[in-house]
Amino acid sequence: MLKDIKSMTLEALQEEFSALGQPRFRAGQVYRWLQQRGVSSFEEMTDLPGNLRAILREKYYISVATIEKRQISDYDNTRKYLLRLLDGEFVECVLMEYHHGLSVCISTQIGCKMGCTFCATGKSGFSRNLTASEILSEVQTVERDSGQRISNIVLMGMGEPLDNYENVMRFLSLVSSADGMNIGMRHISLSTCGLVDQIYRLADEKLQLTLSVSLHAPNDAIRSKMMPVNRKWNVETLLKACRYYADTTKRRISFEYAMIDGVNDSGACARELAGRLRGILSHVNLIPVNTVDGAAYRKSGRIQAFQAALQKYGVTATVRRTLGEDIDAACGQLRRRAETEADLSADL
Ligand code: SAH
Ligand code: SF4
36 MLKDIKSMTL
46 EALQEEFSAL
56 GQPRFRAGQV
66 YRWLQQRGVS
76 SFEEMTDLPG
86 NLRAILREKY
96 YISVATIEKR
106 QISDYDNTRK
116 YLLRLLDGEF
126 VECVLMEYHH
136 GLSVCISTQI
146 GCKMGCTFCA
156 TGKSGFSRNL
166 TASEILSEVQ
176 TVERDSGQRI
186 SNIVLMGMGE
196 PLDNYENVMR
206 FLSLVSSADG
216 MNIGMRHISL
226 STCGLVDQIY
236 RLADEKLQLT
246 LSVSLHAPND
256 AIRSKMMPVN
266 RKWNVETLLK
276 ACRYYADTTK
286 RRISFEYAMI
296 DGVNDSGACA
306 RELAGRLRGI
316 LSHVNLIPVN
326 TVDGAAYRKS
336 GRIQAFQAAL
346 QKYGVTATVR
356 RTLGEDIDAA
366 CGQLRRRAET
376 EADLSADL
C-alpha cells in the first residue's frame with residue numbers, strides 16, 4: 036500500500052525522512068513541491084537526487100484532481116468544476132469572483148449523510164470522506180486553472196466538514212502553512228449543519244477561521260422537518276454550543292438561513308430567531324433558497340421584510356448574493372455527478 040504523501044504535514048514528513056535516513060532539509064523541499072507547486076509526480080521534483088525520487092515512488096503516491104468538466108456562468112463568471120480523483124470518484128467545487136479576490140467553495144465528502152431535505156448533495160447519499168490531500172487538490176487545481184491566486188476558501192461544497200473532522204483539520208493545517216499555500220485561517224470559512232460534539236471540539240482548537248452554522252429555522256418544529264440532524268441535537272443544544280464557540284474563539288458566528296416560501300419566512304419566525312440569537316456574537320446570512328430539481332418548495336418573497344424585522348430586533352443580517360445561478364453553482368446544488376453527468380454540458 037502506497038502512502039498518501041500530500042496529506043502529511045511538514046513535521047510528519049520530516050519524521051518519515053529521518054526514518055528513511057534522509058537529511059531533514061529534503062522533507063522541506065518535497066513539502067514545497069507538493070504544497071506550493073502542486074506537482075503530480077516525483078519526476079518533477081528536479082532538485083532531488085534520482086535515487087531519492089526512486090525511493091519516494093516506491094513508497095508514496097501523490098494525490099491529484101484533474102478537471103473533467105468546467106462550466107462558466109454567463110452572468111458573473113462563476114465557474115463550476117467537476118474534478119476527477121484518483122479512484123475515479125468525482126467531486127464538485129466552485130470558483131467565485133468578489134471585489135476582494137477569488138474565493139473557492141470546496142467539497143469535503145463525496146455525498147453527505149445528513150439528508151437535509153432542501154439540499155441536492157443530501158439527496159445523493161454518501162460515498163466516502165475526502166482525504167486532506169484531495170481537499171487540498173481541489174484548491175490547487177482550481178487555482179492553477181484560474182491563473183490567479185486564490186484568496187479565500189469556503190468549506191461549503193458537498194459534504195459535512197465536521198463529519199470528516201480529522202481530514203478537514205489536517206487540510207486546514209496544510210493549506211495555511213507558511214511552506215504551503217499560506218492561506219490564513221481568517222480567509223477560511225467552514226459551514227456545518229450543526230454537529231454539536233464537533234463544534235465543541237473545534238472551539239477548543241481556537242482557530243481563527245469563520246464558523247458558519249446552517250440554522251435555517253428558529254425552532255425545532257420547523258428545523259426537524261428540514262434537517263434530520265436536529266432530531267439528535269436540537270436548536271437549543273446547538274445554540275448553546277455556538278455560544279461556547281463564540282465565547283472561546285471571540286469570533287463572530289455566521290448563521291445561514293435559506294429562505295423558503297411559507298416555511299421559515301414569517302414575521303413570527305424573524306422575531307423568534309432574533310430572540311434566540313440574543314447574546315451570541317453572530318450575524319445572519321439570508322439565502323434565497325435554490326430550488327433543486329423536483330423540489331416541493333419555493334424561494335421566499337419576503338427576504339427584505341425578514342431582514343428588516345431582524346434588524347429591528349437588533350440582529351445584523353445580510354442577503355447573500357447568489358452567484359452562478361445559470362450553472363447550478365449556488366449553495367446546496369452541488370451533487371455527485373456519476374449518476375447525473377449527462378446534464379453537465381461540457382464547456383471545456
Ligand atoms: N454540510 C455543510 C456545508 C455544505 S452545505 C452545511 O450544511 O452547512 C452549504 C450551505 O448550503 C449550507 O448552509 C446549506 O444549508 C446550504 N444549502 C443546502 N441546500 C440549499 C439550497 N437548496 N438552497 C440554499 N442553500 C442551501
Ligand atoms: Fe449535507 Fe450540508 Fe447538504 Fe445538509 S445541507 S445534506 S449537511 S451538504
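If you read the sequence shown in this note's numbering, its first letter stands for residue 36, the second for the next number, and so on. Ideal Cβ placement from N, Cα and C applies to all residues, glycine included.
Q | Continuous alpha helix (DSSP H) stretch holding Ile-97: start and end | A | Unbroken run through Ile-97: none, as it is neither H nor E.
**Q.** Pro-196, DSSP secondary structure in three states
**A.** helix
Q. Is Arg-287 closer than 8 Å to Ala-281 when the C-beta atoms are compared?
A. yes
Q.
As a quick exercise: from Ser-168, Leu-165, Asn-164, Ile-145, pick the residue whose alpha carbon is nearest that of Lys-158.
A. Ile-145
Q. What residues does the ligand SF4 have around it, judged by CB closer than 5 Å to any heavy atom, in chain order?
A. Those residues, listed in chain order, are Cys-147, Met-149, Cys-151, Cys-154, Thr-156, Gly-157, Glu-195, Cys-228.
Q) Within the present structure, is the beta-carbon of Glu-127 separated from the nearest heavy atom of the ligand SAH by less than 7 Å? A) no
Q) Distance, Cα to Cα, Asp-302 vs Thr-166? A) According to the sequence as given, residue 302 is Gly; it is not Asp. Between Gly-302 and Thr-166, the C-alpha separation is close to 43 Å.
Q. Would you call Leu-55 buried or exposed, if buried means 16 or more other Cβ atoms sit within 10 Å of its Cβ?
A. exposed
Q: Could you check if Asn-112 is buried or exposed, using at least 16 other CB atoms within 10 Å of its CB as the buried criterion?
A: It counts as exposed.
Q | Distance CB(Ser-247)-CB(Glu-291) smaller than 8 Å | A | yes
(Q) Check this for me: beta carbons of Met-262 and Cys-151, under 8 Å apart or not? (A) yes
Q. Does the separation of the CB atoms of Leu-197 and Leu-237 fall below 8 Å?
A. yes
Q: Ignore the nearest five residues each way along the sequence and tell me which others in Leu-120's own chain have a CB closer than 7 Å to its CB.
A: Answer for Leu-120: Ala-100, Val-126, Glu-169, listed in chain order.
Q) Just to confirm, are Glu-173 and Ser-142 a CB contact at a threshold of 8 Å? A) yes
Q | Nearest-angstrom Cα separation, counted from Gly-314 out to Lys-104 | A | 45 Å
Q. By Cβ distance below 7 Å, which residues in the same chain neighbour Glu-93 in space, the five residues on each side in sequence not counted?
A. none
(Q) Please return the same chain residues whose Cβ sits closer than 7 Å to the Cβ of Trp-268, not counting the five positions on each side in sequence. (A) Gly-229, Val-231
Q | Contact test: Cys-304 Cβ vs the ligand SAH heavy atom, cutoff 7 Å | A | no
Q.
On the CB-based measure, 16 or more other CB atoms within 10 Å of its CB, does His-134 come out buried or exposed?
A. That one is exposed.
Q. Starting from Leu-316 and walking both ways along the alpha helix (DSSP H), at which residues does that stretch end?
A. Counting along the chain, Leu-316 falls outside any alpha helix (DSSP H), and DSSP gives it neither H nor E.
Q: Verify whether the separation of the beta carbon atoms of Ala-364 and Val-129 is less than 8 Å.
A: yes
**Q.** N- and C-terminal bounds of the alpha helix (DSSP H) containing Lys-260
**A.** 255–261
Q. Going by the CB atoms, is the gap between Thr-326 and Arg-333 shorter than 8 Å?
A. yes
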